[in-house]
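One structure is given below, encoded as structure tokens.
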Amino acid sequence: MVGGGGCLLLMGLEMMGFEHSEGETRGLCRRCDRVHVVPRDGALRAMQALQQELATGRLAEPGATDERGRPIVDANVLHQPRGGKMFGVLVGRDAGGSVVVLRAFSGQVGGAWSIPGWCPPLFDVGAWLSLEATYDPEIRGVTAKLEACEQDAARSVLVQRRAALSRKLMERYHGLYTFHNFAGRLGGWPQVLDGETRVSSGMGDCCAPKLLNEAARRGLAPAALVEFYWGATNRAKTRTHKETYSPCAEKCAPLLGFMLCGIRDTP
Ligand SMILES: [Zn+2]
Ligand SMILES: [Zn+2]
Numbered sequence: 001m002v003g004g005g006g007c008l009l010l011m012g013l014e015m016m017g018f019e020h021s022e023g024e025t026r027g028l029c030r031r032c033d034r035v036h037v038v039p040r041d042g043a044l045r046a047m048q049a050l051q052q053e054l055a056t057g058r059l060a061e062p063g064a065t066d067e068r069g070r071p072i073v074d075a076n077v078l079h080q081p082r083g084g085k086m087f088g089v090l091v092g093r094d095a096g097g098s099v100v101v102l103r104a105f106s107g108q109v110g111g112a113w114s115i116p117g118w119c120p121p122l123f124d125v126g127a128w129l130s131l132e133a134t135y136d137p138e139i140r141g142v143t144a145k146l147e148a149c150e151q152d153a154a155r156s157v158l159v160q161r162r163a164a165l166s167r168k169l170m171e172r173y174h175g176l177y178t179f180h181n182f183a184g185r186l187g188g189w190p191q192v193l194d195g196e197t198r199v200s201s202g203m204g205d206c207c208a209p210k211l212l213n214e215a216a217r218r219g220l221a222p223a224a225l226v227e228f229y230w231g232a233t234n235r236a237k238t239r240t241h242k243e244t245y246s247p248c249a250e251k252c253a254p255l256l257g258f259m260l261c262g263i264r265d266t267p
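Encoded structure:
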């Protein structure tokens, strides 16, 4: 799909303002002691196709369901206040040279981690649901007690207890994450972050990690990757509908060195 018409298409995209956007996906790899890079522009046409689909309001085929068996929400929820979200597209080639396009949304859409046709998260969703079923009722029990409690000292004990339980559950969720890279390595947080960065909430849930993990898992060679925002402007007003952005510095940059290792790029 990256054919002879590419130049004309890219000129058209530049006239539409994409030249002001940030670009490529970069990661400083400690193993190779250099930056691995995936360019952006080869994914812009696939991005436009995805945007056309999102504009129809459809995120999945009719009748599709998420990990809890619920119907998939309409993409128009993304235009409700604070409903906007980052999306991403990776264009890669499989072992036979055929072009494969992967799509991802950041975090969850309408409470769903798994939507048919989209990259899965970096953990087993069934294992996540079973952790939730095991440990969440206790947290909700403490919350209920807290709501009924009027004595300050007792309340503060409950607040601390709930925070400790939530932190422990968060650690259990984080323990489910596995990262595939293009050098054929499979790592958890200690391998990916190399002890330099703490795991924080939402880390590993952005589009770039989902796209790269799925590409590596399927043996695809990434040719291009782009992330864009879709929907209502975020509260901080740092994200604009249809604008493209580089993978974020705070949650993604620390992961990308490991995740990009093994891609065929130029030094
Ligand atoms: Zn990110
Ligand atoms: Zn490397």
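Taking the numbering used here, I'd label the letters of the sequence shown as residues 1 to 267. Backbone N, C-alpha and C define an ideal beta-carbon position, used for all residues, glycine too.
Taken through DSSP and simplified to helix, strand or coil, P190 comes out as helix. For F228, the uninterrupted beta strand (DSSP E) run begins and ends at 221 to 230, by DSSP. Within the chosen limit of 7 Å, ligand 2 reaches the beta carbon of H36 through at least one heavy atom. Sixteen is the threshold: since fewer than 16 other Cβ atoms of the shown chains lie within 10 Å of the Cβ of L186, the residue is exposed. Within its own chain, the residues whose Cβ lies closer than 8 Å to the Cβ of F179, once the five positions on either side in sequence are excluded, are L122, L186, G187, G188, Q191, V192, G204, P209, N213, L255, F258, M259, listed in chain order. Around the beta carbon of G126, fewer than 16 other beta carbons sit within 10 angstroms, so the residue counts as exposed. With a cutoff of 7 Å, P190 does not count as near ligand 1, since its C-beta is closer than that to no heavy atom of the ligand. A check of alpha carbon separations from Q48 across S201, E150, V89, Q80 identifies V89 as the nearest.
Contact between D194 and R30 holds: their C-beta atoms lie close to 6 Å from each other, under 8 Å.
Taking Y135 as the centre and dropping the five residues before and after it, the same chain places the C-beta of L169 closer than 6 Å to its C-beta, in chain order.
Counting C-beta pairs with one atom in each stretch, the stretch 231 to 241 and the stretch 68 to 85 have three or more that are closer than 8 Å, which means they touch.
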